[in-house]
Amino acid sequence: MNNLELPDRSVGNFSVTAISDGYLSASLDLLSNIEPMDALRLQHDAGVSDPSSIHINCYLVRSAGRTILIDAGAGGFKQWGGKLKANLALAGVQPTEIDTILLTHAHPDHVGGLLDASGEAAFPGAELVVHQNELSFWQDDTHLSRASERARSNFLLARQVFNTYRERIRTFAEGEVVPGISAMALPGHTPGHSGFHMESEGCSALIWGDIVHFPQIQIARPDVSIAFDQDPHLSATTRSRLLDIASSDRLLVAGMHLGELGFAYIKRMGERYEISYET
Ligand SMILES: [Zn+2]
Ligand SMILES: [Zn+2]
2 MNNLELPDRS VGNFSVTAIS DGYLSASLDL LSNIEPMDAL RLQHDAGVSD PSSIHINCYL
62 VRSAGRTILI DAGAGGFKQW GGKLKANLAL AGVQPTEIDT ILLTHAHPDH VGGLLDASGE
122 AAFPGAELVV HQNELSFWQD DTHLSRASER ARSNFLLARQ VFNTYRERIR TFAEGEVVPG
182 ISAMALPGHT PGHSGFHMES EGCSALIWGD IVHFPQIQIA RPDVSIAFDQ DPHLSATTRS
242 RLLDIASSDR LLVAGMHLGE LGFAYIKRMG ERYEISYET
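The sequence shown begins at 2 in our numbering and counts up by one.
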């Protein structure tokens, strides 16, 4: 794959393109329920060359009359990612053309790219659509006061983003968020963590946010959570339930940390699951 061939799929009348924001780095020590050596072995067995690097995707969704971006990458926060704008341009889209941004959740590697280098809105014409529990969680001073130093910077960034877009925020609880795209509650990772399920002309796909960070580890072992999961047990339960649905329904899935290929299918292998990037 080269930069001029961005991974994309047609889902009925929707055209969905994976737009890379680049990478962040996270230690395998952050995983729970697995020894780091076992996690490393799963990475090596799957041919992963840099076992502690996590790829960041955003998704561009185009349909008649709408140009939607799902999540916005890290935007260079902590030197993570920051390539969204350049890669959007490769897809022929300027930031001003984005009319809607759907957020899976408000972690920095998903909202950092909503601000430009001077702290202004990077997508000045876009409505920002987010789960009401996600918005209220990051704005709650009780949660902020209990946060670790690392989490504290996450709160401050999320608040800065929400403040910058405050005139154009629309919250949802469930159901259709734009025509043909419905929110799916995927609790555990953050309080309002949501997937987006699109349906058109009998075709469907699910963009599942942060169900996995290390796909080759956590799809084989859905019981493995990561320190970024606010509720590790609930996120493991959600992951298992979703992998069951995705494999049974042969659902096309996309995720922010699914890798550069951007789209995959899940296969059940006995008690385990396997990821397949074949079309
Ligand atoms: Zn996250
Ligand atoms: Zn993430």
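The beta-carbon is built from N, C-alpha and C at its ideal position, and this holds for glycine as well.
Residue i CB to nearest heavy atom of ligand 2 below 7 Å
i: HIS234; result: no
i: HIS258; result: yes
i: ASP22; result: no
i: HIS111; result: yes
First and last residue of the uninterrupted alpha helix (DSSP H) at residue i
i: GLU200; result: Counting along the chain, GLU200 falls outside any alpha helix (DSSP H), though it belongs to the beta strand (DSSP E) covering 195–201.
i: SER241; result: 233–249
i: GLU150; result: 150–165
i: ALA87; result: 85–91
i: SER146; result: 142–147
i: ARG222; result: Note, ARG222: premise wrong, no alpha helix (DSSP H); not H, not E.
i: ALA75; result: Run containing ALA75: none; DSSP gives neither H nor E here.
i: ALA40; result: 37–46
Cβ-heavy atom distance, residue i to ligand 1, below 7 Å
i: ASP224; result: no
Pair within 8 Å by beta-carbon distance, residue i and residue j
i: ALA73; j: GLY263; result: no
i: GLU150; j: ALA107; result: no
i: GLY176; j: SER201; result: no
i: ALA184; j: VAL17; result: no
i: ASP22; j: ILE57; result: yes
i: LEU243; j: LEU187; result: yes
i: THR105; j: ILE71; result: yes
i: TYR24; j: GLY82; result: yes
i: GLU169; j: LEU129; result: Looking at the sequence shown, residue 169 is not Glu but Arg. Going by C-beta atoms, ARG169 is nearer than 8 Å to LEU129.
i: LEU278; j: ILE220; result: The amino acid at residue 278 is misidentified as Leu; the sequence shows Tyr. No.
i: LEU259; j: PRO216; result: yes
i: LEU115; j: VAL178; result: no
i: GLN133; j: THR172; result: yes
Endpoints, the beta strand (DSSP E) within which residue i is located
i: THR1; result: Nothing in the structure corresponds to residue 1, since the chain is present only between 2 and 280.
i: LEU132; result: Leu is not the amino acid found at residue 132; the sequence shown has His there. 128–132 is the span of the beta strand (DSSP E), which, as asked, contains HIS132.
i: SER183; result: 182–186
i: ARG171; result: 170–173
i: LEU103; result: 101–103
Per DSSP, cross-strand counterpart(s) of residue i
i: LYS268; result: GLU275
i: ASP9; result: THR18
i: VAL62; result: VAL17 and ILE69
i: ALA206; result: MET199 and LEU253
i: GLU177; result: SER183
i: SER28; result: Looking at the DSSP assignment, SER28 forms no beta bridge with any residue, so it has no partner.
i: GLY113; result: DSSP, once it has assigned bridges, lists no residue as partnering GLY113.
i: ILE55; result: LEU25
Exercise for the section: Check each residue's C-beta against every heavy atom of ligand 1 and list, in chain order, those closer than 5 Å. Expected result: Cβ atoms closer than 5 Å to ligand 1 belong to HIS108 and ASP211.
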